[in-house]
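Numbering (my numbering), first residue to last: 4 to 128.
In what follows, a single structure is set out as structure tokens and then discussed.
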């Protein structure tokens, strides 16, 4: 289910977090589904248990998973909503950068809105 790309430039724990979030967002993991144990996932990915534990701790802090001592880690009930919030935040950051660049190039709000509408129409087919 999970794979590590050593050439990605991202920390391994971040790759694990992204993959759990993506699985939740796409519906591959459902609320209440168990995640592999820290030790089992560490063995399958050939990483240290501390790396997996860090990913799980941060996912729990973000309310994507819950951990129950002695039972394991499970996808939280509102995981997809929490992941969606995070994705929307990432999109906002990306759009802000693009819009800042367009404004720097002299595009006004009307021209930017027209460009966005045109791109949206292209996507609709």
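Glycine included, each C-beta is placed from N, C-alpha and C at the ideal position.
Owing to the predicted nature of the structure, the values given are computational and were not obtained by experimental measurement.
Endpoints, alpha helix (DSSP H) assigned at residue 26: 15 to 28
For residue 70, three-class secondary structure by DSSP: strand
Proximity below 8 Å, CB of residue 38 to CB of residue 68: yes
Range covered by the beta strand (DSSP E) that runs through residue 78: 75 to 78
For residue 37, the residue or residues it bridges with in DSSP: 77
Residue 19 versus residue 56: straight-line alpha-carbon distance, rounded: 10 Å
Beta-carbon contacts of residue 42 that lie in its chain and below 7 Å, excluding the five residues immediately before and after: 52
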